[in-house]
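Below: one structure, written as structure tokens.
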Amino acid sequence: MAADNFPKLVFYAQSTLLEGPSFSKDLNLILCVSIEQERLFLINPDEQTVKTFKTRGQVGFAVFGGNDHIIYAAYEGVFRLNISTGKETFLYHLISDPQIRYNDGKWDPKGRLLLGTTGYKCFKEKQNALYSHDGHTAKVLVSGTSISNGIGFYKNYMFFIDTPTRKVGRYLYDENGNATFDKYIVSIEGAGVPDGMDIDDQGNLYVAIWGGSRIEKYNQEGQKVGELAIPALNVTSVCIAGDKLYITTAMHDDGTASEPMAGGLFVADKF
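Counting in the numbering used here, the sequence shown tops out at residue 274, every number present.
Next up, the structure:
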């Protein structure tokens with residue numbers, strides 16, 4: 004790790020829980036969500052502009068769905084949002100328990116949307132799931148989770164984080180979008196627990212460590228091959244954008260007193 008690779012603040016969202024960054028190369032935009040503030044942010048890092056949208060309740064994640072719209076999952080359901088007009092369209096809702104909300108989510112390589120869940124203002128141990136939706140029907144990929152978080156794909160594998168396990172699970176992932184548990188490839192050591200994650204073209208896993216002030220990098224053998232310190236205790240997620248990493252953070256319990264940039268979006272060189 005180069006000592007001069009220090010994360011720089013891109014956008015201070017003043018978010019108690021900024022999450023789920025994703026990058027659109029075509030639009031040159033970063034998308035992330037402020038879960039508890041019920042906001043989506045579209046950020047142009049070159050022009051230093053930010054466009055903000057209000058969501059239908061606490062928002063777990065958002066993903067780009069094309070050049071003119073995004074898909075987001077909030078407390079009231081899953082919606083399509085036109086980023087030019089602001090028009091929303093309700094798509095579906097997979098949750099019936101009012102104490103559960105959507106959390107992390109991501110497209111799979113075939114265009115199915117994966118949606119994880121977690122407790123809504125409470126901890127629901129082993130009562131959550133990771134779902135897959137193909138645009139018509141939904142199915143459960145992983146059941147009995149507690150806090151569904153990071154999702155990623157490499158070759159014929161899906162990688163998934165259920166945060167309280169402190170592990171990254173590897174699953175065989177077939178052409179029909181079925182996931183079969185293979186093994187735990189990573190176990191987090193030291194302070195903190197795994198949160199969001201992204202995977203590069205070489206199969207390296209970049210894992211955000213909540214409560215650990217860092218991003219950890221692992222290869223496909225599960226070996227830790229790098230680490231990046233982040234100036235916030237609660238590092239929530241990371242996305243790869245070319246030769247850059249965009250990193251979301253959450254405020255510490257004492258607000259901004261000890262961490263004035265926590266709750267912001269950072270950028271660093273990919274390592």
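Glycine residues also receive a C-beta, built at the ideal position from the N, C-alpha and C atoms.
Quantities reported herein were computed from a predicted structural model and do not represent experimental measurements.
- Mind reading off the beta-carbon distance from THR148 to ALA132? Whole number of angstroms is fine, and I expect it under 8 Å. For this step, residue 148 is matched to residue 145 along the sequence shown. For this step, residue 132 is matched to residue 129 along the sequence shown. That belief holds up - the Cβ atoms of THR148 and ALA132 are roughly 6 Å apart, short of 8 Å.
- Message: To test your reading of the DSSP string, which unbroken beta strand (DSSP E) runs of 3 or more residues are found completely within the segment 26–78?
- Response: Complete beta strand (DSSP E) runs here, min 3: 32–37, 42–47, 52–57, 62–67, 72–77.
- Separation of LYS158 from TYR221, as counted between CA atoms: For the purposes of this step, residue 221 is taken as the residue at position 218 of the sequence shown. For the purposes of this step, residue 158 is taken as the residue at position 155 of the sequence shown. The straight-line gap from Cα to Cα measures roughly 16 Å.
- Task: Please confirm if the segment 67–74 is in contact with the segment 46–55, defined as three or more CB-CB distances below 8 Å between the two stretches.
- Result: As far as the Cβ criterion goes, the segment 67–74 does not touch the segment 46–55, which means the pair count is below three.
- Smallest Cα separation from ILE212: which of ASP165, ASN181, GLN205? The residue you call residue 212 lines up with position 209 of the sequence shown. Distances from the alpha-carbon of ILE212 to those of ASP165, ASN181, GLN205 put ASP165 closest.
- For the putative contact between PHE14 and ILE46, defined by C-beta atoms under 8 Å, what is the C-beta separation to the nearest angstrom? Stepping through the sequence shown from its first residue, residue 14 is reached at position 11. Stepping through the sequence shown from its first residue, residue 46 is reached at position 43. Yes, they are in contact, since the Cβ atoms of PHE14 and ILE46 sit about 5 Å apart, within 8 Å.
- Output yes or no for whether 8 Å exceeds the beta carbon distance between GLY199 and GLY23. Taking the sequence shown and counting its residues from 1, the one referred to as residue 199 is at position 196. Taking the sequence shown and counting its residues from 1, the one referred to as residue 23 is at position 20. Cβ atoms of GLY199 and GLY23: closer than 8 Å.
- Message: As a quick exercise: from THR239, VAL145, GLY80, GLY114, pick the residue whose alpha carbon is nearest that of LYS129.
- Response: If you number the sequence shown from 1, residue 129 lands on position 126. Closest by alpha carbon: VAL145.
- Check each candidate in THR168, VAL143, ALA182 and name the one with the smallest Cα separation from GLY155. Reading the sequence shown from its first residue, position 152 is the one you call residue 155. When only C-alpha atoms are compared, the closest one is ALA182.
- Query: Using a C-beta cutoff of 8 Å, does ILE98 count as contacting chain D?
  - Reply: Of the chains in the structure shown, none is chain D; there is only one protein chain.
- Message: So, with DSSP's three-state summary, where would you put THR88?
- Response: Numbered from 1 along the sequence shown, position 85 holds the residue referred to as residue 88. In this structure, THR88 counts as coil in the three-state DSSP scheme.
- Message: Whole angstroms are fine: how far does the CA of SER261 sit from the CA of TYR176?
- Response: Counting from one through the sequence shown, the residue named residue 176 turns up at place 173. Counting from one through the sequence shown, the residue named residue 261 turns up at place 258. Using only the alpha carbons, I get a separation of about 43 Å.
- Going straight from the alpha carbon of ILE38 to that of ALA244, what length do you get? Counting from one through the sequence shown, the residue named residue 38 turns up at place 35. Counting from one through the sequence shown, the residue named residue 244 turns up at place 241. Between the alpha carbons of ILE38 and ALA244 lies a distance of about 22 Å.
- Message: Using the Cβ count rule (16 or more neighbours within 10 Å means buried), how would you classify HIS136?
- Response: Mapped onto the sequence shown, residue 136 falls at position 133. Counting Cβ neighbours within 10 Å, HIS136 comes out buried, since at least 16 surround it.
- Message: Suppose contacts are defined by Cβ-Cβ distances below 8 Å. Is ALA235 in contact with ALA271 by that definition?
- Response: Taking the sequence shown and counting its residues from 1, one reaches residue 235 at position 232. Taking the sequence shown and counting its residues from 1, one reaches residue 271 at position 268. In this structure, ALA271 does not lie closer than 8 Å to ALA235 by Cβ.
- Tell me the DSSP bridge mates of ARG169? The sequence position of residue 169 within the sequence shown is 166, counting from 1. Paired residue(s): none; ARG169 is not in a bridge.
- Query: Nearest to GLY138 by CA position, among LEU117, PHE126, SER216, SER151, is which residue?
  - Reply: Start at 1 with the first residue of the sequence shown, and residue 138 comes out as number 135. For the set LEU117, PHE126, SER216, SER151, the Cα lying nearest the Cα of GLY138 is the one of LEU117.
- Query: Mind checking SER87: buried by the 16 CB within 10 Å criterion, or exposed?
  - Reply: The count along the sequence shown starts at 1 and reaches residue 87 at position 84. SER87 should be labelled exposed.
- Could you name the residues of the same chain whose beta carbon sits closer than 7 Å to that of VAL143, not counting the 5 residues immediately before and after it, in chain order? The sequence position of residue 143 within the sequence shown is 140, counting from 1. Here the set comprises ALA132, TYR134.
- Item | Complete runs of the beta strand (DSSP E) confined to the segment 175–251 [at least 3 residues] | As for any beta strand (DSSP E) of minimum length 3 sitting wholly inside the segment 175–251, the runs are 182–190, 196–202, 208–213, 217–221, 227–232, 237–244, ordered along the chain.
- Query: Span of the beta strand (DSSP E) holding ASN272?
  - Reply: For the purposes of this step, residue 272 is taken as the residue at position 269 of the sequence shown. The sequence shown places Asp at residue 272, rather than the Asn named in the question. For ASP272, the enclosing beta strand (DSSP E) stretches over residues 267–272.
- Query: In the DSSP assignment, what residue or residues form a beta bridge with MET161?
  - Reply: If you number the sequence shown from 1, residue 161 lands on position 158. According to DSSP, MET161 bridges with PHE156, TYR174.
- Message: Quick check: the Cα distance between GLU79 and VAL210, rounded to an integer number of angstroms?
- Response: As a position in the sequence shown, residue 79 is number 76, starting the count at 1. As a position in the sequence shown, residue 210 is number 207, starting the count at 1. Distance between the alpha carbons of GLU79 and VAL210 is about 29 Å.
- Which of helix, strand or coil DSSP assigns to ILE150: Translated into positions along the sequence shown, residue 150 becomes position 147. The answer is coil: DSSP assigns ILE150 none of H, G, I, E or B.
- Message: Measuring straight from C-alpha to C-alpha, what distance separates PRO167 and ILE150?
- Response: Locating residue 167 in the sequence shown gives position 164, where the first residue counts as 1. Locating residue 150 in the sequence shown gives position 147, where the first residue counts as 1. Their backbone Cα atoms lie some 7 Å apart in a straight line.
- Through-space distance from GLU224 to ARG42, alpha-carbon basis: As a first step, residue 42 is located in the sequence shown; it is residue number 39 there, counting from the start. As a first step, residue 224 is located in the sequence shown; it is residue number 221 there, counting from the start. Rounded to the nearest whole angstrom, the CA to CA distance from ARG42 to GLU224 is 37 Å.
- Minimum C-alpha distance to GLN17 - residue among CYS242, MET254, PHE269, PHE274: Residue numbering aside, residue 17 sits at position 14 when the sequence shown is read from its first letter. Restricting attention to CYS242, MET254, PHE269, PHE274, the CA atom closest to the CA of GLN17 is found in MET254.
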